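Its first residue numbered 194, the sequence shown is counted upward by one per residue in the numbering used here.
We put the beta carbon where it would ideally sit given N, CA and C, even for glycine.
Remember, it's a predicted structure, so these values are computed and weren't measured experimentally.
Below is one structure, written out as structure tokens; comments come after it.
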Amino acid sequence: MKKNILLLALLLFSTIGFSQDWKLDFNEAKTMASEKDQPIILVFQGSDWCAPCIKLDRNIWCSDEFKNYAKDHFVMLQADFPKRSKNALPEEQQEKNNKLAEKYNPNGYFPFVVILDQDGKVLGQTSYKNMSPKEYIAHLNSFIY
Numbered sequence: 194m195k196k197n198i199l200l201l202a203l204l205l206f207s208t209i210g211f212s213q214d215w216k217l218d219f220n221e222a223k224t225m226a227s228e229k230d231q232p233i234i235l236v237f238q239g240s241d242w243c244a245p246c247i248k249l250d251r252n253i254w255c256s257d258e259f260k261n262y263a264k265d266h267f268v269m270l271q272a273d274f275p276k277r278s279k280n281a282l283p284e285e286q287q288e289k290n291n292k293l294a295e296k297y298n299p300n301g302y303f304p305f306v307v308i309l310d311q312d313g314k315v316l317g318q319t320s321y322k323n324m325s326p327k328e329y330i331a332h333l334n335s336f337i338y
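Put into structure tokens, the structure is as follows:
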């Protein structure tokens, strides 16, 4: 039993160590982008209802290749719009996400990926693409460089 608990704890901490560093606050993302001289990748998603969003998360954002690249090249900002009440965001966070959507996703597309400069100026936009993480990184970079 103790071995199982230890193994579970190790798995949990190793997963946390490799998880994507998502920002949830636009101002924090802009500050970090300025400090690191990196673009912001703003992702609008419906984490509990949007099948292409879930594919994008599973195939790209959660891949080791993308995470390793992103940590040194992008500031990742997430605006989630879950529908199930058990996944509801705190009211303050939902308001932040709604304001981001008003400005950057007025048509309500999901998933919707907006590439921004450090000041919040749109450099490009895209969505889910059936690509490898390496191809998706190149796709995102095509808006930046």
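Bridge partner(s) assigned by DSSP for residue i
i, result
"W215", "M269"
"I308", "I234, G317"
Residue environment, residue i, which counts as buried when at least 16 other CB atoms sit within 10 Å
i, result
"S278", "exposed"
"A331", "exposed"
"Y321", "buried"
Proximity winner among the options, relative to residue i (alpha-carbon distances)
i, options, result
"I234", "E285, A294, K327, Q271", "Q271"
"P245", "F303, M324, A281", "F303"
"D265", "L217, M225, Y329, S320", "M225"
"L249", "Y338, Y329, N334", "Y329"
"Q213", "Q286, Q231, E258, D241", "E258"
"F267", "E284, L309, K276, N298", "L309"
"Q311", "W215, Q231, L217", "Q231"
"L282", "I247, G239, K260, K296", "G239"
Under 9 Å between C-beta atoms of residue i and residue j
i, j, result
"K317", "F336", "The question names Lys, yet the displayed sequence has Gly at residue 317. Result yes, Cβ atoms of G317 and F336 sit closer than 9 Å."
"K292", "F219", "yes"
"N252", "D273", "no"
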